[in-house]
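This report refers to the structure that appears directly beneath it.
Protein chains: 2
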Amino acid sequence: MSAAVVPEAERLARVALNRLGEPGETKMTGLVAELGPVRLYELLREERDLEGLLTDVAARLTAVDPVRELERADRLGLRFVVPGDDEWPTQLDDLAGAGSLHERGGVPVGLWVRGPFRLDALVKAVAVVGSRAATTYGDGIASAIAADVARAEHTVVSGGAFGIDRAAHRGAVSAGAPTVAVLACGADRVYPSAHQAMFEHIARDGAVVAEAAPGCAPHRIRFLARNRLIAALSRGTVVVEAAVRSGALNTANWTSRLNRPLMGVPGPVSSGASAGVHEQIRVGAMSLVTSGADVLEIVSGSGEHLVEPLRAEETARDRLTPRQRQVLDAVPAASGAGSDSIARTAGLGVREVAGSLVALEKTGLVEGGLDGWRLTALARP
Amino acid sequence: MSAAVVPEAERLARVALNRLGEPGETKMTGLVAELGPVRLYELLREERDLEGLLTDVAARLTAVDPVRELERADRLGLRFVVPGDDEWPTQLDDLAGAGSLHERGGVPVGLWVRGPFRLDALVKAVAVVGSRAATTYGDGIASAIAADVARAEHTVVSGGAFGIDRAAHRGAVSAGAPTVAVLACGADRVYPSAHQAMFEHIARDGAVVAEAAPGCAPHRIRFLARNRLIAALSRGTVVVEAAVRSGALNTANWTSRLNRPLMGVPGPVSSGASAGVHEQIRVGAMSLVTSGADVLEIVSGSGEHLVEPLRAEETARDRLTPRQRQVLDAVPAASGAGSDSIARTAGLGVREVAGSLVALEKTGLVEGGLDGWRLTALARP
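From first to last, the protein sequence lines stand for chains S and E.
Quick note: the first sequence uses my numbering, first residue 26, plus one each step.
Quick note: the second sequence uses my numbering, first residue 26, plus one each step.
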């Protein structure tokens, strides 16, 4: 499929290293960057210590068989995409300079992918993430934003979790677009298991992606490693709801490290589910967005998706001439006033004001009575 | 009361000019700044044209009697506070350099005040304003923020209108604090009339303030002039709800012109009542605030009211040792794993991991079963 340019020895070395190490373990990703995968795998098989990496992997080393690993994965419908492949999403290479969090970081050794969506098509991806304990409000907004983004041909990337992640994938699917779920466990596994049907659906048009080797269980540390991939695959990350200590803020942190736009959707200040987002906006780490249009304006190339400045509906007042508006502004809201008094307030001639008042009465904005002219309910401030 | 330093002739000239001009009319405030009130009033009585001001005021000129005006105001319980008085809120002088909007701007010629609260006590004032068509959410938040601000001995200033203004005054009153309502009509009038009781209450401990002369009706242009005073009296302005075209955004505009902090409370993005606020936060014109504490941090002298960084409640995980956390992160969430496998994942020795697992089981975060160790629901990511 995409095996053209990467030598077989390198692909196999990467498969082996992927099985040997933990996802995103910096000792591993750092040594791959330094020595190359073939040389590193060789040195490990020669039982070189390599900053202690050997100790970590020694137990698995003899059992690893990359050829069988690839065969087994193929039977599971998984392919292994590595740097140098046509399908490799090169935006992940930015992880090389983005440091580490919780001793996880760097460019993945490779990615396991299930589903027809090619990762190199992720050039216009947007991550939509947030709380697992989402509110109805958050779910609705996440779906709506994901659908808008998907309709504008940006791919929605998320983590397949309960709450906002699920709502985001669903929104993309509802727009008839493929979506990409990046998991913390093996791409052949289903976690959470309640999302079996959703993952099947995603793998039909989109892709289920994992750095963890097939069969791997989800651990907390793997979620943290996974979050860097969601951030790094996407042009920007939208956080819809996040409590003060939410995993979504870890994804946000990676987005900032990658210098990609980080966006947050506000909510009621009385909602704990929005507190983490408000805090990040408050300190200037996140930009406030309220819609898919806001998101597209930020992640798109300049001028591609400019947000129309919000405008209120045109009112009767808007249709007045400047002079009529000036007169209207001088008409009292409560008790009536004569046209001479209104003329004084407006700083205009009595004759001109009298004419404007007659025109204004026709618009329904003012009314004349026994005590003079006054604003109608329509015009009252 | 505070008449000590301002010569009687100047006070009377200011009373007359206040009656002759419109509130905040730039032609008037500009000429007062240029010529002084006594000289300006003299020139007008000599029928000098003065950039057309004479034309505007000629009709009223003969009728003006500042001595009677003050007597009548006194009977209404109003006093006239002018620049130079001890009670003058000197922060208003910043209006001299803040330009104009809708041909309104500049330092007021004087202010009519009803109520015992002295305007020079407004050194720590916070404006809380927003939509008249407020939601229950907005009302609740405005009251809560106003109460918090008032409890911290900052005076809440608002416009006495329906909706957010009313909620803000009410919040301050509920905290047992005086509050200041700045009206667009004369300080002896009640607009909106439904707020009669509230204005009486405010005038008992606080102050009802107006630039418009006693008896003046509220016009739209007077609301715009009034908004500059709300902004200029306060250290900062909080906008709680504002639709895209809301009068509250005019107050916000004045706050920015005065280089005072402008704050906005977010709400559901599905609520039109918050759209104007979100837009202003989005473009960086407003800081996002979620509470009285956030507001106080911004308007107070540095370090006076620092907001405690938001922290989630301490969890069982927080009470673990770093080593225990490292082991916990390597325990699978779904199927069980043996301690040797967990040790490999964690990159730790088997013996050490076995000890940690026993300790972790006591915390209820992991459980041992036939197929090995797994996370409990308590610890599941």
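Don't be surprised by glycine CBs; every beta carbon is placed ideally from N, CA and C.
Starting from the C-beta of S/PHE142, find all residues in its chain whose C-beta is less than 8 Å away, skip the five residues before and the five after it, and write them out in chain order.
Taking the first sequence and counting its residues from 1, one reaches residue 142 of chain S at position 117. Contacts found: THR180, PRO203, VAL205, ASP230, GLY231 and ALA232.
Show which residues of chain S have a CB atom less than 9 Å away from the CB atom of E/SER316.
Reading the second sequence from its first residue, position 291 is the one you call residue 316 of chain E. The contacting residues are VAL294.
Of all the options E/ASN43, E/ALA192 and E/ASP343, which has the alpha carbon lying nearest to the alpha carbon of E/PRO91?
Position 66 of the second sequence, counted from the start, is the residue given in the question as residue 91 of chain E. The residue with the shortest Cα to Cα distance from E/PRO91 is E/ASN43.
I'd like the span of the alpha helix (DSSP H) that includes E/THR87, first residue to last.
Translated into the one-based positions of the second sequence, residue 87 of chain E becomes position 62. Run containing E/THR87: none; DSSP gives neither H nor E here.
What residues from the region 129-162 of chain E come within 9 Å of chain S, judged by C-beta to C-beta, listed N to C?
ARG157 and TYR162
Please list the residues of the region 211-234 of chain E that have a C-beta atom closer than 7 Å to any C-beta atom in chain S, keeping them in chain order.
TYR216
Would you mind reading off the limits of the alpha helix (DSSP H) that contains S/ARG251?
On the first sequence, position 226 is the one that residue 251 of chain S refers to. First-last of the alpha helix (DSSP H) with S/ARG251: 245-258.
Our contact map puts S/ALA268 next to S/GLY289 with C-beta atoms below 8 Å; I'd like the distance itself, whole angstroms only.
Against the first sequence, residue 268 of chain S aligns to sequence position 243. Against the first sequence, residue 289 of chain S aligns to sequence position 264. About 13 Å; that fails the 8 Å criterion.
For the alpha helix (DSSP H) containing S/HIS199, list its first residue and its last residue.
Within the first sequence, residue 199 of chain S is the residue found at index 174, counting from 1. According to the sequence shown, residue 199 of chain S is Ser rather than His. From DSSP, the alpha helix (DSSP H) with S/SER199 extends over 189-199.
Roughly how many angstroms lie between the CA atoms of E/ALA256 and E/ALA209, to the nearest whole one?
As a working note, residue 256 of chain E is residue 231 in the second sequence. As a working note, residue 209 of chain E is residue 184 in the second sequence. So the two alpha carbons sit approximately 14 Å from each other.
Hey, out of S/ARG251, S/PHE105, S/LEU385 and S/PRO286, whose CA is closest to S/GLU33's CA?
For the purposes of this step, residue 33 of chain S is identified with residue 8 of the first sequence, where counting begins at 1. Put simply, of S/ARG251, S/PHE105, S/LEU385 and S/PRO286 the residue whose alpha carbon is nearest the alpha carbon of S/GLU33 is S/PHE105.
Is E/LEU353 close to chain S? Criterion is C-beta to C-beta, closer than 9 Å.
The residue given as residue 353 of chain E occupies position 328 in the second sequence. Yes - at least one Cβ of chain S is within 9 Å of the one on E/LEU353.
For a cutoff of 9 Å on Cβ pairs, would you count S/ILE189 as touching chain E?
If you number the first sequence from 1, residue 189 of chain S lands on position 164. Answer no: the Cβ-Cβ gap between S/ILE189 and chain E never drops below 9 Å.
Please list, in chain order, the chain S residues whose beta carbon lies closer than 8 Å to that of E/ASP81.
Here residue 81 of chain E is taken as the residue at index 56 of the second sequence, counted from 1. Going along chain S in sequence order, the residues near E/ASP81 (Cβ under 8 Å) are ARG369 and GLY372.
Report the three-state DSSP secondary structure of E/VAL40 (helix, strand or coil).
The residue given as residue 40 of chain E occupies position 15 in the second sequence. Residue state, collapsed to three classes: helix.
Residues in its own chain within less than 8 Å of E/VAL391 by CB, not counting five upstream and five downstream?
Position 366 of the second sequence, counting from 1, holds the residue named residue 391 of chain E. So the qualifying residues of the chain are LEU353, VAL356, LEU382, LEU385, TRP398, ARG399, LEU400, THR401 and ALA404.
Mind checking S/THR161: buried by the 16 CB within 10 Å criterion, or exposed?
Walking along the first sequence from the start, residue 161 of chain S turns up at place 136. S/THR161 is exposed by the Cβ-count criterion.
Out of E/GLN305, E/ASP396, E/VAL263 and E/PRO217, which has the shortest C-alpha to C-alpha gap to E/GLY163?
Against the second sequence, residue 163 of chain E aligns to sequence position 138. Ranking E/GLN305, E/ASP396, E/VAL263 and E/PRO217 by Cα distance to E/GLY163 puts E/VAL263 first.
Could you give the C-beta distance for E/GLY49 and E/GLU339, rounded to a whole number, given that I count them as a contact under 8 Å?
Here residue 49 of chain E is taken as the residue at index 24 of the second sequence, counted from 1. Here residue 339 of chain E is taken as the residue at index 314 of the second sequence, counted from 1. Actually they are not in contact, since the Cβ atoms of E/GLY49 and E/GLU339 sit about 54 Å apart, beyond 8 Å.
DSSP state of S/ARG307, grouped into three classes?
Walking along the first sequence from the start, residue 307 of chain S turns up at place 282. Secondary structure at S/ARG307: helix, using DSSP grouped into helix, strand and coil.
Would you call the region 122-134 of chain E in contact with the region 241-257 of chain E, where contact means no fewer than 3 C-beta pairs closer than 8 Å?
Contact between the region 122-134 of chain E and the region 241-257 of chain E is present: 3 or more CB-CB pairs across the two stretches fall below 8 Å.
Identify the residues that DSSP records as bridge partners of S/THR204: which are they?
Sequence index remark: in the first sequence, residue 204 of chain S carries index 179 (1-based). S/VAL181.
What did DSSP end up calling E/GLU322 once you bin it into helix, strand or coil?
Counting from one through the second sequence, the residue named residue 322 of chain E turns up at place 297. E/GLU322: helix per DSSP, three-state reduction.
Using beta carbons (cut-off 9 Å, strictly below), is E/PRO357 in contact with chain S?
In the second sequence, residue 357 of chain E corresponds to position 332, counting from 1. True, the Cβ-Cβ gap to chain S drops below 9 Å.
Have a look at S/GLU94, S/GLU112, S/GLN349 and S/PRO133 and flag the residue whose alpha-carbon is nearest the alpha-carbon of S/THR388.
Position 363 of the first sequence holds residue 388 of chain S. Comparing Cα positions, the closest option is S/GLN349.
Can you tell which of S/ALA310, S/THR315 and S/THR280 has the C-alpha that lies nearest to the C-alpha of E/GLY297?
Taking the second sequence and counting its residues from 1, one reaches residue 297 of chain E at position 272. Comparing Cα positions, the closest option is S/THR315.
Give a yes or no on whether the C-beta atoms belonging to S/VAL182 and S/VAL215 are separated by under 9 Å.
Locating residue 182 of chain S in the first sequence gives position 157, where the first residue counts as 1. Locating residue 215 of chain S in the first sequence gives position 190, where the first residue counts as 1. The answer is no: Cβ separation not under 9 Å.
Here's the rule: buried if 16 or more other CB atoms are within 10 angstroms of the residue's CB, otherwise exposed. What is S/VAL195?
Numbered from its first residue, the first sequence carries residue 195 of chain S at position 170. Val is not the amino acid found at residue 195 of chain S; the sequence shown has Arg there. With 16 or more other Cβ atoms within 10 Å, it is buried.
Below 8 Å on the Cβ atoms is my guess for E/GLY261 versus E/ILE170; work out the distance and round it to an integer in Å.
For the purposes of this step, residue 261 of chain E is taken as residue 236 along the second sequence, with counting starting at 1. For the purposes of this step, residue 170 of chain E is taken as residue 145 along the second sequence, with counting starting at 1. Not really, about 12 Å apart at Cβ, beyond 8 Å.
At the level of alpha carbons, what is the spacing between E/ASP67 and E/LEU79?
Position 42 of the second sequence, counted from the first residue, corresponds to residue 67 of chain E. Position 54 of the second sequence, counted from the first residue, corresponds to residue 79 of chain E. The residue asked about is misnamed: residue 67 of chain E is Glu in this sequence, not Asp. Each residue's Cα considered, the two are about 12 Å apart.
Quick one: complete beta strand (DSSP E) runs, 3+ long, within the region 329-388 of chain S?
none
Checking 9 Å against the spacing of the C-beta atoms, do E/TRP113 and E/LEU65 come in under that value?
Position 88 of the second sequence, counted from the start, is the residue given in the question as residue 113 of chain E. Position 40 of the second sequence, counted from the start, is the residue given in the question as residue 65 of chain E. Cβ atoms of E/TRP113 and E/LEU65: not closer than 9 Å.
If I'm right that E/SER218 touches E/ILE189 with Cβ under 8 Å, what's the distance once you round it to whole angstroms?
Residue mapping note: residue 218 of chain E aligns to position 193 of the second sequence, counting from 1. Residue mapping note: residue 189 of chain E aligns to position 164 of the second sequence, counting from 1. Not a contact, Cβ separation roughly 19 Å.
So which residues of chain S does E/VAL290 contact, with C-beta pairs closer than 9 Å?
Along the second sequence, read from residue 1 onward, the residue named residue 290 of chain E stands at position 265. Under the 9 Å cutoff, chain S gives VAL294.
Excluding the 5 residues preceding and the 5 following E/GLU304 in the sequence, name in chain order all residues of the same chain whose CB lies nearer than 7 Å to its CB.
Counted from its first residue, the second sequence places residue 304 of chain E at position 279. Around E/GLU304: VAL269.
Spatial neighbours of S/MET26 within its chain, please: C-beta separation below 6 Å, excluding the five flanking residues on both sides.
The residue given as residue 26 of chain S occupies position 1 in the first sequence. Low local confidence applies: a pLDDT of 47 at S/MET26 is under 50, so the model's placement there is unreliable, with the coordinate-based value given in what follows. Excluding positions up to five away in sequence, the list is empty.
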